[in-house]
Structure formats: C-alpha cells, structure tokens
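> Take this structure first; my questions come after.
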Amino acid sequence: MKIKEFIEKVNEHDGMRAKKVYKRIAIGTPNNMGIFSIPEDATNFIEIDTWATSNSLYWKKEDREYLSALIEELLHTPVEERFPEKKYRLRWIDDHDHYKNYLNLNSNGVWDFVDDEIDAEIFTESELEQLKTDNPHLAPAIDAMKEEV
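And the structure:
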C-alpha cells in the first residue's frame, strides 16, 4: 500500500484523520492528531510512536480493528513500494567551489550543507512541492537545485 493510499483510507473512515508530517504519518481524530506517529519506513508495530494511554477513548472496537488492519497492510508493503514518486536531492551549485554541496533540512527545520551525495537528504516531488508552498520565495531556487536521484 502506498502512503498516499493509506492516508486516504484512514481519512475516509469517520472519526479518523491522517496526514503526512515530515517523513512520518500522523494519525488521530479530527480534534487530536497526535495519537499515533508512524515513520514512513516503519516495518513493524514497535517503530510506531503512540501518545494515547487508551485508544478506546478515541475509537470503538470496530474502528480500532479497521485502523489496525490498515497499519498492518502498510507495514507489510516493502518500503520501496510505498513511494511512487521520483526522488530528488537539492544541490547547491557554486561557481567558486569544486565540491558538490547538497542542502539538508535537519530535524530542527534548519537548512545545512553536506558535501557527499550519500549523506544528502532525499526529497519526493510532493515534499518539494510542500516546501515551495510553505516557502514561496524559495520556490525558484528549489526548482533550480533539484537533482534526480
């Protein structure tokens, strides 16, 4: 199951909401998005963060079973198959520098440089589109720096 499909199926179910939040999937109710947080590359339930002391406070048994089945289907999907989009690095090109410099967005939301493409952060097309939406003044630069992985 692709991540987009997973989020759509969760959101179709009454009383549940899911959204992609920087390489994670946040799941909750319309009033509380912080019940579960699933890393995009999770392969088992142990990797899922939960902040609920009791999920029965939020959903009935049938709803919990529905969500559990969806999560299990996602976890059984090979990680590579969850992402249908092309992937990119953001390469900073400097005429005076002979190194390849790549921009990374660290966990604090701050941009930093790495000089090795192996260490460079990889973005999907939709993640870059979200960055451009969030930072419209950077949109032309993001387009100019895209380098397909």
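So the sequence shown is numbered by the UniProt record's numbering: it starts at 1 and just counts up by one.
Ideal placement from N, C-alpha and C gives every residue a C-beta, glycine not left out.
Could you tell me which whole beta strand (DSSP E) segments of length 3 or greater appear in the region 6-86?
Counting whole runs of 3 or more residues, the region 6-86 contains the beta strand (DSSP E) stretches 17-20, 24-29 and 32-39.
> Can you check DSSP and say which residues form a bridge with Lys146?
Lys146 is bridged to Leu90.
> For the alpha helix (DSSP H) that contains Asp134, what are its first and last residues?
Counting along the chain, the alpha helix (DSSP H) containing Asp134 begins and ends at Glu125 to Asp134.
> Check the C-beta distance from Glu85 over to Glu125 and give it rounded, since I have them as a contact under 8 Å.
Contact flag correct, Cβ pair sits at about 5 Å.
> Select from Asp116, Ile118 and Trp111 the residue whose C-alpha is nearest the C-alpha of Asn135.
It is Trp111 whose Cα lies nearest to the Cα of Asn135.
> Are the beta-carbon atoms of Met33 and Ala42 separated by less than 7 Å?
No, these two residues do not count as a Cβ contact at 7 Å.
> In angstroms with no decimal places, state the Cα-to-Cα distance between Glu73 and Glu5.
Their backbone Cα atoms lie some 11 Å apart in a straight line.
> Ile71 and Trp51 look like a contact to me (Cβ under 8 Å); what is the Cβ gap, rounded to whole Å?
Wrong, their Cβ atoms sit about 16 Å apart, outside the cutoff.
> My guess is that Met16 and Leu67 are in contact by the Cβ rule of under 8 Å, so how many angstroms apart are they, rounded?
At roughly 6 Å, the Cβ-Cβ gap stays under 8 Å, so Met16 and Leu67 are in contact.
> What are the start and end residues of the beta strand (DSSP E) that includes Asp112?
Element bounds for Asp112: Trp111 to Val114.
> Look at the alpha carbon of Ile3 and the alpha carbon of Lys20, and state the distance between them as a whole number of angstroms.
Approximately 9 Å between the Cα atoms of the pair.
> Taking the C-alpha atoms as reference points, what is the distance between Glu8 and Asp14?
Cα-Cα distance, rounded: 12 Å.
> Less than 8 Å between the CB atoms is what I'm expecting for Ile122 and Lys87, so what's the real figure, rounded?
Sure, about 5 Å apart at Cβ, within 8 Å.
> For the beta strand (DSSP E) that Asn104 lies in, which residues bound it at each end?
From DSSP, the beta strand (DSSP E) with Asn104 extends over Asn101 to Leu105.
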